[in-house]
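Protein chains: 2
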Amino acid sequence: MNSPQNYTNMSKAFSDLQLLEFLIFDTHRSEELFKEEYYEHLDKEQALAMIASAHALAERDMFPYYQEMDGNPAKYDGNGKVMTHPQLKVIVQNAAEQGWIGASASFEHGGMQIPESVNNAAQHIFQAANNGVQGYLGLSAGAARLITNFGTMEQVERYVKPIFEGQWQGTMALTEPQAGSSLADIKTSATPTDQDYYKIKGQKIFISAGQHEACDNFVHLTLARIEGAPAGVRGISLFIIPKYRVKDDGDLEYNDVFCAGEYEKMGQKGYATTHLVFGDDDNCRGYLVGEANKGLTYMFQLMNEARIGVGQTAASVALAAYKAALQYVQERSQGRHPSEKDPEKDPVLLIEHADVQRMLLTQKAIAEGALSLACECNKRYDLEHVLSGKEKDDNHLLLELLTPVVKAYASEEASRSASLAIQVLGGYGYTLDFPVQQHYRDIKIMAIYEGTTGIQSMDLLGRKVVINNGRALQLLTKEISKSIAQANEYDGLKPYAGQLEEALNGFIAISQHLFKYAQNNELERYLSDANVYMEMAGHMIVGWQWLKIGTTASQLIKDNKHNYTKGFLEGKIHTMKFYYKYELPKTKVCIEVLKEDSWLTDLRDYNWF
Amino acid sequence: MNSPQNYTNMSKAFSDLQLLEFLIFDTHRSEELFKEEYYEHLDKEQALAMIASAHALAERDMFPYYQEMDGNPAKYDGNGKVMTHPQLKVIVQNAAEQGWIGASASFEHGGMQIPESVNNAAQHIFQAANNGVQGYLGLSAGAARLITNFGTMEQVERYVKPIFEGQWQGTMALTEPQAGSSLADIKTSATPTDQDYYKIKGQKIFISAGQHEACDNFVHLTLARIEGAPAGVRGISLFIIPKYRVKDDGDLEYNDVFCAGEYEKMGQKGYATTHLVFGDDDNCRGYLVGEANKGLTYMFQLMNEARIGVGQTAASVALAAYKAALQYVQERSQGRHPSEKDPEKDPVLLIEHADVQRMLLTQKAIAEGALSLACECNKRYDLEHVLSGKEKDDNHLLLELLTPVVKAYASEEASRSASLAIQVLGGYGYTLDFPVQQHYRDIKIMAIYEGTTGIQSMDLLGRKVVINNGRALQLLTKEISKSIAQANEYDGLKPYAGQLEEALNGFIAISQHLFKYAQNNELERYLSDANVYMEMAGHMIVGWQWLKIGTTASQLIKDNKHNYTKGFLEGKIHTMKFYYKYELPKTKVCIEVLKEDSWLTDLRDYNWF
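Chains as they are written, first to last, in the numbering used here: chain A, 1 to 609; chain B, 610 to 1218.
Written out as structure tokens, the structure reads:
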């Protein structure tokens, strides 16, 4: 109210280049990637320069429009169009021009072949600045990657270039009205023809970026069922379905892909969420990607990346909310210390209150811890390009285990973090004048996108910790033990290394305890508390990240060869201690809950509710 | 999207009359109030009939407009007016006509003299149906009560009747731009005149219901500082400041109270939150209430009721969100049980999934547990009218202790509860088509209204558990021990009684541990983890409520003289077990955190952030 301009025009605090350098290059040592052939065209300095230019772009084109896009949501025009903010086109164009849609694609496919560790630093900045608009870029990149990985050369040539150039929008079209999260129940049909295409008929809902004003064409990577295919997930195929198909002469013609509506949402209001209808006039062509009936396998490669991306987005938005809260408490004075009895003394800055510091450190611990876990995943993703053989398999397996964890931990905890940002601002935090309430609203969807927290939890307990006879769990244990050993080299870190070891042992023991249900084929029972198991895993694994961070900071301080400020590095160690005091112990309650053999669920008779 | 009408037109599930009867009359035995002279004009049957008619009113006038008011927020017209939804006037009029503004006021003051236990059952229904509009009613009731308790008979006659009739709106005007939560820094000035009024000058922000279209006049119960008054909270006085003052001939004239704006908020959008300017033309008169410099003491009586009210509102909104989620999962089928490998089998109802049941039971445990605690407070509030002497003092002391707990527990946990309601609905839960996202947005302010969670926590640890040498804490211990003894009469409840005893002992021990900081005059240190202390107290005290509920249900089942369904009573016992398995153990982590002597706060040097 009465604000001369909106907040995001007045503040620059949405991300932290120092933090990114520290996490990517010091904590996760991504510099070693540049020694490998695939990435040898880059070095750390260049990478940092690219990240800095992404930051400049975000500062100029994205962040100032964050609140404005919220106030002017994407809107369906009643006839196939979704009206979006004019700035969106500017952003997509400029980001494409800097290369941020195809950044991590190979040179061969027209990309810049930079590691995800670097690309995702830029995406993190975009997510922190204006998370909805980063969605448009990220989806295009993901759709293009599905085509480059599994499509024909012809498909790559036809679709990927205009996507990388920001002319065409790529999307993922999975969800259907009757199926929701249950992809086995997808009904969109693909009828073979004697041409190179299938005839498509069906509806998809909740399709992000499925229609908007910033692109000329839309390339929907769509799951559908070829006539006669097996029931369930084994009968799903992947198709490219453009809104306008390319004729032999290169001209475009309408492909009977109609946007039937746009969902109004409580957050991410600038991000169009559409309802698409394929083939209502029986004239929609879909082009098969890869082999028939393998669609879900292909899609899951993208889905896994997208899950890391969603987790990272949650961390990024939480970090932006933290930065906004941090700025506020350093500008506003209010109240006095409890021991100050003189009401004529000047009020102190909000940051001087113990409870405010507790709220800020909680936010910092969550946001930076989750971001570090995303960096861990990005690095492991990059390693897939440079490792081989067993090392590569192991790395992949560990990444598979970490994926649902970064997604679930970050999205659930980021909500708590943003809620604290609102608390720090008090009543002002609840008003549209400040961005923290928007962060809070935007973040909530992260626990739903690409599989709810419930689904991530079942993925972790039901699949990831048990595949290959628990190999992924062993690899995780090994990695964490390595970090514990490294931390033990610093006297000041020993207590925390000990705490993490205890949490790790608890995690392993309770996993074994639960496995007996699986072995007895009591699957419903086994998975019933998967969510609690995920909570425990998240707190423990982010505790691991904080120990890594603390060790890195301790080493930099000891070696005394770095450009960070003393406060920056000490702040990392301090936040680690905070995490170990306030957050890590939560694993113990989770273990207590999971140990309890009583089962309070009744899948058939549920008249208790 | 595409919804033919809005959700709240299609659903009736927002509250639960059976639950209210069970909590008020069986669990908290409010029937005994009717034996007392002050309330003897009422009986249980009449009370239930009143509650039922409140429900009919809410169903007809309030709930169908819940989403509509969100979509058409209160809006400042640029010139002193705040435009509100036309239905608001209908609601205020009809609620006033049924007596719900002055319901608990004495006959002497024009009220219906009904217990808060009954009045707040009606308010709960309004809060669950449309929490913003209940705010208008509740504020009027509160402002009127300040006048009846501390004002002159003339003031009562002048202001209270039109407030009870819904013609005039009562408000509480505390917060100022420079002071925020720090009431000691209030600057609004009151200059004595030789008439019966003071000249007022100042600004108040975040004044709920401070200007709208449903009432003709506004009566602001305002804190201001009389010229020359002592600094700090001891120099604050309470004034009645009407927007239009009553001339001797009974006509109204403008009192120089200008609404300078309205805050746009992320939730409670139908509830006007105003910025008021008093005396810009030096023509604003304020009428002192009670004695000079005692304003804060008076206001705190209302504030304490308001805190219970905010806690109850949070519980009510969480209950409404739970009911909406519960309806959804019984209508929508999706997915199959993990052990079902045949994809051609029909999907099962969402409620059949174990994780969905876990989410629903968590919501139920939070919402009903917090509501029970509000009922406990309401009952103790009513007892103030019927007890005397030491019994009355003890009852008051215990109520004082419970007040910040119901406020903080309910508002924090209700956010978690509503978040789970969104999760249950998945992507749909995030769209404006369903009310759960609105519940989630609305609830967030409850942790800020009438003192943030941080302030409630400092109130609990810094004041309530230590006043009268810890007398309130002793009283709480006694009450809880009584409930434990009662539960121990039922074999099936013994394990839970034991768990609560353990939690209670932990609570007492950690309180003693912390007191040593207070005794050493380390006040900042003492209060630094007040929030964690509050979390522990909340989980333990709501655990007490669930034991009471479980005992009540067990007794009703045993006596077999009741009209509840078997599922209803078993559901109470089941939810108690759920609470004891998943929620109560959280007290242990809190204790672990509080035991830790390390202090990670630095009030002066904070360059870690």
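Quick reminder that beta carbons are idealized off the backbone N, C-alpha and C, glycines included.
List the whole-angstrom C-beta distance separating residue i from residue j, where the pair is believed to meet the contact cut-off of C-beta under 8 angstroms.
i	j	result
B/G1115	B/I1200	5 angstroms
A/G138	A/T171	Their Cβ separation, rounded to whole angstroms, is 11 angstroms, which puts A/G138 and A/T171 out of contact at 8 angstroms.
A/N217	A/L252	7 angstroms
B/G944	A/S181	7 angstroms
A/A324	A/P435	6 angstroms
A/W544	A/S483	6 angstroms
B/T1196	B/L970	Their Cβ separation, rounded to whole angstroms, is 19 angstroms, which puts B/T1196 and B/L970 out of contact at 8 angstroms.
B/L830	B/A915	Their Cβ separation, rounded to whole angstroms, is 11 angstroms, which puts B/L830 and B/A915 out of contact at 8 angstroms.
B/V886	A/Y582	Actually they do not touch by this definition, with Cβ atoms about 43 angstroms apart.
A/G309	A/L223	Contact doesn't hold; Cβ gap of about 19 angstroms is too wide.
Give the single residue among the options whose Cα lies nearest to the Cα of residue i.
i	options	result
B/R669	B/D686, B/G687, B/N688, B/A704	B/A704
B/E1059	B/V769, B/E725, B/N913, B/M659	B/N913
A/F612	A/V246, A/F568, A/N283, A/F34	Not covered by the structure: residue 612 of chain A. The range shown for chain A is 1 to 609.
B/A738	B/G719, B/A782, B/I723, B/M671	B/M671
A/Q87	A/E108, A/E213, A/F14	A/E213
B/K808	B/L830, B/G741, B/Y896	B/Y896
B/T636	B/I723, B/K932, B/G918, B/N987	B/N987
B/I975	B/Q722, B/Q1164, B/V926	B/V926
A/G550	A/D491, A/Q123, A/L504, A/Y526	A/D491
A/R471	A/K75, A/L547, A/L397	A/L397
B/G689	B/L1165, B/N1097, B/A881, B/L628	B/A881
Using a Cβ-Cβ distance cut-off of 9 angstroms, determine whether residue i contacts chain B.
i	result
A/A447	yes
A/W608	yes
A/F25	no
A/K379	no
A/D77	no
A/E524	yes
A/F515	no
A/R604	yes
With DSSP run on the structure shown, which of helix, strand or coil describes residue i?
i	result
A/Y564	coil
A/V465	coil
B/F867	strand
B/T1061	coil
A/R332	coil
B/E862	strand
B/W1153	helix
A/N2	Because the pLDDT of A/N2 is 36, which lies under 50, any placement of that residue in the model is unreliable, and the question is left without a value.
B/A788	coil
B/K1204	helix
B/A714	coil
B/Y1099	coil
A/G151	coil
Determine whether the Cβ of residue i lies closer than 9 angstroms to any Cβ atom of chain A.
i	result
B/F1220	Chain B is shown only over 610 to 1218; residue 1220 of chain B falls outside these bounds and no answer can be derived.
B/N1130	yes
B/S948	yes
B/V1014	no
B/M781	no
Buried or exposed: where does residue i fall if 16 or more other Cβ atoms within 10 Å of its Cβ makes it buried?
i	result
A/P495	exposed
B/Y840	Reading off the sequence, residue 840 of chain B comes out as Ala, not Tyr. So B/A840 counts as exposed.
A/G389	exposed
A/N2	The predicted position of A/N2 is uncertain, since its pLDDT is 36 and thus under 50; a value taken from the coordinates is nonetheless stated next. By the 10 Å Cβ count, A/N2 comes out exposed.
A/P4	Because A/P4 carries a pLDDT of 33, less than 50, the predicted location of this residue cannot be relied on, and the following value inherits that uncertainty. Flag for A/P4 reads exposed.
B/P801	exposed
B/K1087	exposed
B/G1180	buried
Would you check whether the ligand NAD has a heavy atom nearer than 8 angstroms to the C-beta of residue i?
i	result
A/L42	No copy of the ligand NAD appears in this structure; indeed no ligand is present at all.
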